[in-house]
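**Q** Sharing a structure below in structure tokens format, with a few things to ask.
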Amino acid sequence: MNKLLGPALTLPAVTFIAVGFVLPVLILLSEAVTVNGAFSLSPLIGFFRDPGSVEVFWRTIRLSGLVTLTSAVVGYATALAIVDSSPSARGRLIGTLILPLMVSPVARTYAWVVVLGRTGLVNLVVVGLGLSPEPLRLLFTETAVFIGLVQLLLPLMVLSLVSALENIPADVVPAARVLGAGWFTTFFKVTLPLTREGLVIGGTLVFTGALTAYITPAILGGSKVLMLETLLYQRIRVTNDIAAAGVIAIILVVLSITANVLLKRVAGGRSQ
Amino acid sequence: MSDPRYLALDNLTLAYGGSVAVQDLSLTVKQGELIALLGPSGCGKTTTMRAIAGLMPVAGGTVTLAGRDLTHLAPNKRGIGLVFQSYALFPHLSVEDNVAFGLKLKGVPAAERAARVKNALARVDLAHLADRLPKALSGGQQQRVALARSIVVEPGLLLLDEPLSNLDARLRLEMRSELARLQRELGITMIYVTHDQAEALALADRIVVMRAGKIEQQGTPEEIYERPVSSFVARFMGFENCFALEEHKLVGAGGVLPAPAGASSAGLAWRPRGVQLGSGPHQGEVLGASYQGQSVEYLIQSAAGPIKAEADSSAPRHAVGATVAFDLPLSSAAPLTSVD
Amino acid sequence: MMPRWLRWAILALVMIFLIGPFFVIAAAALHGGETLAFPPKDLTLKWVWKVFEVESFRASFGLSILLAIGGTALALVLGVPAAYALDRFRPKGSEAIRLMVTAPIIVPGIIVGLALLRYLVIPVDLPMIAALFVAHTALLIPYAVRVVSASLANLRVDIEEAAVLLGCSRIGAFVRVTLPNIKSGIFAAFILGFVTSFNQVPISLFLAGPGVSTLPIDMLWFMEFTYDPSVAALSALLALMSMAVVLVAERLLGFSRYV
Numbered sequence: 258m259n260k261l262l263g264p265a266l267t268l269p270a271v272t273f274i275a276v277g278f279v280l281p282v283l284i285l286l287s288e289a290v291t292v293n294g295a296f297s298l299s300p301l302i303g304f305f306r307d308p309g310s311v312e313v314f315w316r317t318i319r320l321s322g323l324v325t326l327t328s329a330v331v332g333y334a335t336a337l338a339i340v341d342s343s344p345s346a347r348g349r350l351i352g353t354l355i356l357p358l359m360v361s362p363v364a365r366t367y368a369w370v371v372v373l374g375r376t377g378l379v380n381l382v383v384v385g386l387g388l389s390p391e392p393l394r395l396l397f398t399e400t401a402v403f404i405g406l407v408q409l410l411l412p413l414m415v416l417s418l419v420s421a422l423e424n425i426p427a428d429v430v431p432a433a434r435v436l437g438a439g440w441f442t443t444f445f446k447v448t449l450p451l452t453r454e455g456l457v458i459g460g461t462l463v464f465t466g467a468l469t470a471y472i473t474p475a476i477l478g479g480s481k482v483l484m485l486e487t488l489l490y491q492r493i494r495v496t497n498d499i500a501a502a503g504v505i506a507i508i509l510v511v512l513s514i515t516a517n518v519l520l521k522r523v524a525g526g527r528s529q
Numbered sequence: 488m489s490d491p492r493y494l495a496l497d498n499l500t501l502a503y504g505g506s507v508a509v510q511d512l513s514l515t516v517k518q519g520e521l522i523a524l525l526g527p528s529g530c531g532k533t534t535t536m537r538a539i540a541g542l543m544p545v546a547g548g549t550v551t552l553a554g555r556d557l558t559h560l561a562p563n564k565r566g567i568g569l570v571f572q573s574y575a576l577f578p579h580l581s582v583e584d585n586v587a588f589g590l591k592l593k594g595v596p597a598a599e600r601a602a603r604v605k606n607a608l609a610r611v612d613l614a615h616l617a618d619r620l621p622k623a624l625s626g627g628q629q630q631r632v633a634l635a636r637s638i639v640v641e642p643g644l645l646l647l648d649e650p651l652s653n654l655d656a657r658l659r660l661e662m663r664s665e666l667a668r669l670q671r672e673l674g675i676t677m678i679y680v681t682h683d684q685a686e687a688l689a690l691a692d693r694i695v696v697m698r699a700g701k702i703e704q705q706g707t708p709e710e711i712y713e714r715p716v717s718s719f720v721a722r723f724m725g726f727e728n729c730f731a732l733e734e735h736k737l738v739g740a741g742g743v744l745p746a747p748a749g750a751s752s753a754g755l756a757w758r759p760r761g762v763q764l765g766s767g768p769h770q771g772e773v774l775g776a777s778y779q780g781q782s783v784e785y786l787i788q789s790a791a792g793p794i795k796a797e798a799d800s801s802a803p804r805h806a807v808g809a810t811v812a813f814d815l816p817l818s819s820a821a822p823l824t825s826v827d
Numbered sequence: 061m062m063p064r065w066l067r068w069a070i071l072a073l074v075m076i077f078l079i080g081p082f083f084v085i086a087a088a089a090l091h092g093g094e095t096l097a098f099p100p101k102d103l104t105l106k107w108v109w110k111v112f113e114v115e116s117f118r119a120s121f122g123l124s125i126l127l128a129i130g131g132t133a134l135a136l137v138l139g140v141p142a143a144y145a146l147d148r149f150r151p152k153g154s155e156a157i158r159l160m161v162t163a164p165i166i167v168p169g170i171i172v173g174l175a176l177l178r179y180l181v182i183p184v185d186l187p188m189i190a191a192l193f194v195a196h197t198a199l200l201i202p203y204a205v206r207v208v209s210a211s212l213a214n215l216r217v218d219i220e221e222a223a224v225l226l227g228c229s230r231i232g233a234f235v236r237v238t239l240p241n242i243k244s245g246i247f248a249a250f251i252l253g254f255v256t257s258f259n260q261v262p263i264s265l266f267l268a269g270p271g272v273s274t275l276p277i278d279m280l281w282f283m284e285f286t287y288d289p290s291v292a293a294l295s296a297l298l299a300l301m302s303m304a305v306v307l308v309a310e311r312l313l314g315f316s317r318y319v
């Protein structure tokens with residue numbers, strides 16, 4: 258009886274996902290490698306022949322990488338500061354980090370429109386202090402998208418790192434100190450190696466988050482700074498180019514799955 | 488002539504989480520001595536030790552080592568070794584690399600480093616496990632790695648925080664004699680924190696009994712064991728029967744008993760062994776008797792409250808419920824200067 | 061140990077960076093002028109009122125709520141038994157099942173929406189709302205399974221066995237013993253799912269149209285041709301609502317444990 262019950266309980270969920278998700282997505286992806294009913298890589302090649310598309314491709318990867326790097330550095334500093342705080346402060350700080358994650362990305366991103374716009378906060382300060390005669394054009398630039406993505410994804414990195422830091426056995430850092438290690442040495446030789454998994458997990462979350470972002474590039478980048486997902490939307494809505502959409506979909510899925518698989522490999526290989 | 492004030496704590500006050508953990512503590516340690524800080528949990532012994540290592544901020548007073556004022560110096564500049572209760576081995580480094588860690592930081596050249604590490608591992612009998620990771624080692628082995636790691640850098644002072652408490656009984660005894668041997672061979676000054684009086688008695692040149700952030704009594708193991716000054720220390724060292732002495736009466740938890748003649752201290756304490764069973768001026772009901780192998784332990788109701796007594800198994804047994812005569816002779820009592 | 065000043069500096073800067081924008085939006089929502097500006101002058105609540113008056117916002121808000129509650133509920137109905145089976149029975153192919161059940165998170169939402177549009181809605185003539193419902197539920201199942209699995213993992217198996225020995229049926233044991241103990245896990249999954257669904261945009265992008273739209277998408281369209289502070293007002297309201305939901309959940313059950 259038990260032999261049947263187990264799989265039976267999972268059946269509804271699995272069927273639902275198979276019909277409502279896996280199947281449609283697989284068909285869509287297959288369209289990107291099919292021309293006139295036959296397997297063909299020409300849509301993919303066509304994509305990479307188009308300089309505009311290639312530019313978007315590299316920009317997406319480049320920005321995502323930059324966002325990940327920045328989040329790692331800033332995130333580490335923040336995580337170290339949090340872990341050093343008293344337990345009660347720590348709880349409140351983590352709560353403060355989780356809160357933005359729960360707010361709609363639309364709202365979170367729109368705030369930057371107010372801050373970076375021509376009549377926004379930054380320009381208020383810049384023009385007000387006389388640093389520039391005219392308001393700076395900050396919106397619809399890669400910088401704006403970069404800032405928006407960092408604000409969106411930084412909490413993920415920090416939470417990941419805090420968890421990793423808290424898993425270091427209690428007296429390991431004091432032991433290193435007593436043996437003669439200064440701050441730098443302790444961080445690079447002890448703390449960093451022991452939190453490598455957390456860095457990878459956080460890094461993957463941030464990288465895939467940036468890669469597959471839509472709202473932030475849409476609001477802060479518009480059609481001037483296209484990323485893969487905004488490009489996809491444009492291709493469908495504006496030119497109804499299904500094939501191109503399928504290609505982008507494949508690229509996104511491949512990049513996304515690769516990042517996730519890499520994560521599992523590194524994290525799983527070291528987990529206890 | 489070894490320095491009598493090799494390590495000096497003068498009026499040390501330490502605060503922890505808003506309350507005072509150690510109050511105005513003064514202690515000197517001779518070079519080459521092994522001192523045991525003994526006391527129940529919460530008495531401040533670990534806090535004091537961490538302050539000596541520089542892992543705890545000092546609220547008042549000073550810490551001096553060989554004349555150098557260490558009080559506010561960073562822990563990595565003190566030249567003091569610390570073996571943690573949890574061993575704190577670096578999980579990502581092999582045994583060899585763990586032990587070499589401190590030497591690398593000192594800039595010891597690779598060849599000399601390898602030799603010293605090999606030596607240290609041989610001393611603790613772990614040469615064959617040099618390239619293992621800590622998680623592949625047993626508790627006893629991890630403890631020895633922690634020890635090797637601390638002594639290979641030749642610290643001027645070695646602190647050990649309940650290093651044997653996580654080991655099983657047999658291993659603990661083995662490691663205990665290992666530690667004693669090591670200390671004698673290397674001549675390192677050691678401070679050993681423990682709550683186990685047997686360990687303290689076996690290892691220490693001098694025992695410092697701590698209570699609630701202050702030193703209750705310090706002296707040689709014999710002094711502490713035979714002549715405790717307070718009922719706190721007495722109970723810690725096995726004097727289960729402690730009484731205050733008022734007007735020739737022993738005042739206990741449940742009442743009073745006539746005191747033996749000639750007593751003049753504030754209190755008296757007896758070990759269970761020191762209670763004479765079978766004859767004597769007092770009477771009591773046997774509440775319990777438990778066989779311990781070599782001896783039998785009795786719990787006897789007396790006019791001053793329950794009394795623990797111990798007799799050889801070969802002596803005539805006393806049944807539970809029977810009335811037995813007993814005596815508390817002055818000759819086997821320890822005089823106390825304070826009772827609580 | 062970080063020196064205290066450094067710790068405060070880092071935390072202050074990062075928190076201002078992460079949280080500051082919310083205050084900016086809230087302030088901008090109160091601006092009296094006709095275009096977005098900061099700092100706000102002539103403080104007024106008229107833009108906030110305007111938000112409530114826009115017909116399409118009311119409709120899309122309603123739809124968003126419906127999708128969030130319905131989708132999460134269905135995701136739990138499907139997901140809890142699956143999580144239970146995976147934890148207690150370890151059927152063959154557990155790994156594959158687990159992968160499948162968590163797949164929706166890995167694939168970018170925009171692709172899911174597009175795929176559903178072309179291969180479910182158009183061929184089968186499925187109403188958009190149904191497609192939205194399917195899409196959202198599919199997205200939420202991984203969250204439901206993950207959170208409930210974590211709850212189950214913390215619950216010892218032997219309490220169910222004890223119940224069975226005392227006379228309960230297998231199902232009875234589940235209902236009377238396991239369910240009450242994973243209640244807070246289910247509640248946390250519900251809150252997480254609700255918020256995720258409500259804020260979700262990419263999946264709904266292709267499945268929304270005039271009249272049938274979720275609130276965030278409606279906002280995006282609105283933003284494209286409106287430049288007055290009402291967008292800021294809407295954003296601020298949305299942010300407040302999300303935070304309120306989470307804070308209440310935190311109060312009720314220490315929600316951050318499950319995230």
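Chains as they are written, first to last, in the working numbering: chain R, 258 to 529; chain S, 488 to 827; chain C, 61 to 319.
Quick reminder that beta carbons are idealized off the backbone N, C-alpha and C, glycines included.
(1) Quick one: Cα of residue 247/C to Cα of residue 312/C, how far?
(2) Is the shortest distance between the beta-carbon of residue 310/C and the beta-carbons of chain R less than 8 Å?
(3) Would you mind working out which of 141/C, 105/C, 80/C sits nearest residue 265/R, comparing C-alpha positions?
(4) Taking Cβ to Cβ, would you say residue 123/C is nearer than 8 Å to residue 274/C?
(5) With which residues is residue 333/R paired in a DSSP beta bridge?
(6) Does the stretch 133-149 of chain C come within contact of the stretch 245-261 of chain C, defined as at least 3 CB pairs closer than 8 Å?
(7) How far does the alpha helix (DSSP H) with residue 593/S in it reach, from first residue to last?
(8) Less than 6 Å between C-beta atoms, sequence neighbours within five positions excluded: which residues of the same chain meet that for residue 164/C?
(9) Suppose you measure from the CA of residue 289/R to the CA of residue 189/C; what does that come to, to the nearest Å?
(10) For residue 368/R and residue 113/C, I'd like the C-alpha separation in whole angstroms.
(11) Please give the ranges of any beta strand (DSSP E) in the stretch 706-789 of chain S, keeping only runs that are unbroken, at least 3 residues long and fully inside the region.
(12) Please list, in chain order, the chain C residues whose beta carbon lies closer than 8 Å to that of residue 412/R.
(13) Leaving out five residues on either side along the sequence, give the residues of the same chain with a beta carbon under 6 Å from the beta carbon of residue 528/R.
(14) Going by other Cβ atoms of all chains shown within 10 Å of its Cβ, with 16 needed for buried, is residue 728/S buried or exposed?
(15) Counting only C-beta atoms, is residue 587/S closer than 8 Å to chain R at any point?
(16) Decide if residue 287/C is buried, meaning its Cβ has at least 16 other Cβ atoms within 10 Å, or exposed.
(17) Would a check of beta-carbon distances place residue 316/R closer than 8 Å to chain C?
(18) Count the other CB atoms within 10 Å of the CB of residue 182/C; is the residue buried (16 or more) or exposed (fewer)?
(19) For chain C, find out if any of its Cβ atoms is closer than 8 Å to the Cβ of residue 293/R; answer yes or no.
(20) Just the chain R side, please: which residues come within less than 9 Å of residue 506/S by C-beta, in chain order?
(21) Can you tell me where the beta strand (DSSP E) holding residue 813/S begins and where it ends?
(22) Counting contacts by CB-CB distance shorter than 8 Å, is residue 513/R in contact with chain C?
(23) Closest Cβ-Cβ distance between residue 308/R and chain S: below 8 Å?
(24) Tell me whether residue 519/S sits in a helix, a strand or coil according to DSSP, three-state version.
(25) Between 362/R, 461/R, 273/R, which has its C-alpha nearest residue 515/R's C-alpha?
(26) By Cβ distance, which residues of its chain are closer than 6 Å to residue 725/S, with the 5 residues on each side in sequence left out?
(27) Could you give the residue range of the beta strand (DSSP E) that holds residue 446/R?
(28) Using the DSSP secondary-structure output, state which residues sit across from residue 704/S in a beta bridge.
(29) Assuming residue 317/R contacts residue 422/R (C-beta within less than 8 Å), just tell me the rounded distance between them.
(30) Measuring CA to CA, which of 773/S, 634/S, 797/S, 772/S is closest to residue 780/S?
(31) Per DSSP, what are the beta-bridge partners of residue 503/S in this structure?
(32) Run through chain R and tell me which residues come within less than 8 Å of residue 730/S, C-beta to C-beta.
(33) Taking only three categories from DSSP, how would you classify residue 286/C?
(34) Going by beta carbon distance, what residues of the same chain come within less than 7 Å of residue 208/C, once the five residues before and after it are set aside?
(35) Let's test the definition: count the other Cβ atoms within 10 Å of the Cβ of residue 259/C and tell me whether it reaches 16, buried, or not, exposed.
(36) Within 10 angstroms of its Cβ, does residue 121/C collect 16 or more other Cβ (buried), or is it exposed?
**A** The answer reads as follows:
(1) Walking along the third sequence from the start, residue 247/C turns up at place 187. Walking along the third sequence from the start, residue 312/C turns up at place 252. Cα-Cα distance, rounded: 10 Å.
(2) Start at 1 with the first residue of the third sequence, and residue 310/C comes out as number 250. Cβ-Cβ to chain R under 8 Å: yes for residue 310/C.
(3) By one-based count along the first sequence, residue 265/R stands at place 8. Of the listed residues, the one whose Cα sits closest to residue 265/R is 141/C.
(4) Reading the third sequence from its first residue, position 63 is the one you call residue 123/C. Reading the third sequence from its first residue, position 214 is the one you call residue 274/C. Taking 8 Å as the Cβ cut-off, residue 123/C and residue 274/C qualify as a contacting pair.
(5) Numbered from 1 along the first sequence, position 76 holds the residue referred to as residue 333/R. Per DSSP, none; premise fails for residue 333/R.
(6) yes
(7) Stepping through the second sequence from its first residue, residue 593/S is reached at position 106. It spans 582-593 - the alpha helix (DSSP H) in which residue 593/S sits, taken as one unbroken run.
(8) Start at 1 with the first residue of the third sequence, and residue 164/C comes out as number 104. Closer than 6 Å at Cβ, skipping near neighbours: 198, 199, 202.
(9) If you number the first sequence from 1, residue 289/R lands on position 32. If you number the third sequence from 1, residue 189/C lands on position 129. Their backbone Cα atoms lie some 27 Å apart in a straight line.
(10) Counting from one through the first sequence, the residue named residue 368/R turns up at place 111. Counting from one through the third sequence, the residue named residue 113/C turns up at place 53. C-alpha of residue 368/R to C-alpha of residue 113/C: approximately 22 Å in a straight line.
(11) 728-733, 736-738, 743-745, 754-757, 763-778, 782-789
(12) Here the question's residue 412/R lines up with position 155 in the first sequence. Correct list: 78.
(13) Walking along the first sequence from the start, residue 528/R turns up at place 271. Annotation note: pLDDT 41 at residue 528/R (below 50); position unreliable, no value reported.
(14) Translated into the one-based positions of the second sequence, residue 728/S becomes position 241. When all chains shown are included, residue 728/S counts as buried.
(15) Mapped onto the second sequence, residue 587/S falls at position 100. Output row for residue 587/S: interface = no.
(16) The count along the third sequence starts at 1 and reaches residue 287/C at position 227. Exposed, since its Cβ has fewer than 16 Cβ neighbours within 10 Å.
(17) By 1-based counting over the first sequence, the position of residue 316/R is 59. No, residue 316/R lies away from the interface with chain C (no Cβ there is under 8 Å from its Cβ).
(18) For the purposes of this step, residue 182/C is taken as residue 122 along the third sequence, with counting starting at 1. Answer is exposed; the Cβ neighbour count stays below 16.
(19) Indexing the first sequence from 1 puts residue 293/R at position 36. Cβ-Cβ to chain C under 8 Å: no for residue 293/R.
(20) Position 19 of the second sequence, counting from 1, holds the residue named residue 506/S. Those do not exist, as residue 506/S stays about 15 Å from chain R at its closest Cβ, beyond 9 Å.
(21) For the purposes of this step, residue 813/S is taken as residue 326 along the second sequence, with counting starting at 1. Run containing residue 813/S: 810-814, per the beta strand (DSSP E) assignment.
(22) Position 256 of the first sequence, counted from the start, is the residue given in the question as residue 513/R. With 8 Å as the cut-off, residue 513/R counts as an interface residue toward chain C.
(23) Here the question's residue 308/R lines up with position 51 in the first sequence. For residue 308/R, the answer is no, since every Cβ of chain S falls outside 8 Å of its Cβ.
(24) What you label residue 519/S is simply residue 32 of the second sequence in a count that begins at 1. In this structure, residue 519/S counts as coil in the three-state DSSP scheme.
(25) If you number the first sequence from 1, residue 515/R lands on position 258. Checked all of 362/R, 461/R, 273/R; the closest Cα to residue 515/R is 461/R.
(26) By one-based count along the second sequence, residue 725/S stands at place 238. If we look at residue 725/S and ignore the five residues flanking it on each side, its Cβ neighbours are 758.
(27) For this step, residue 446/R is matched to residue 189 along the first sequence. Element bounds for residue 446/R: n/a, residue is neither H nor E.
(28) The residue labelled residue 704/S in the question sits at position 217 within the second sequence. Beta-bridge pairing links residue 704/S to 696/S.
(29) Position 60 of the first sequence, counting from 1, holds the residue named residue 317/R. Position 165 of the first sequence, counting from 1, holds the residue named residue 422/R. Not quite, the Cβ-Cβ distance comes to about 31 Å (not below 8 Å), so this is no contact.
(30) For this step, residue 780/S is matched to residue 293 along the second sequence. Ranking 773/S, 634/S, 797/S, 772/S by Cα distance to residue 780/S puts 797/S first.
(31) Taking the second sequence and counting its residues from 1, one reaches residue 503/S at position 16. Looking at the DSSP assignment, residue 503/S forms a beta bridge with 506/S.
(32) As a first step, residue 730/S is located in the second sequence; it is residue number 243 there, counting from the start. The contacting residues do not exist; residue 730/S stays about 43 Å from chain R at best.
(33) For the purposes of this step, residue 286/C is taken as the residue at position 226 of the third sequence. Three-state DSSP puts residue 286/C in coil, outside helix and strand.
(34) To locate residue 208/C, count along the third sequence from 1; it is residue 148. If we look at residue 208/C and ignore the five residues flanking it on each side, its Cβ neighbours are 139, 140, 143, 242, 245, 246, 249.
(35) One-based indexing of the third sequence puts residue 259/C at position 199. Under this definition residue 259/C is a buried residue.
(36) To locate residue 121/C, count along the third sequence from 1; it is residue 61. Flag for residue 121/C reads buried.
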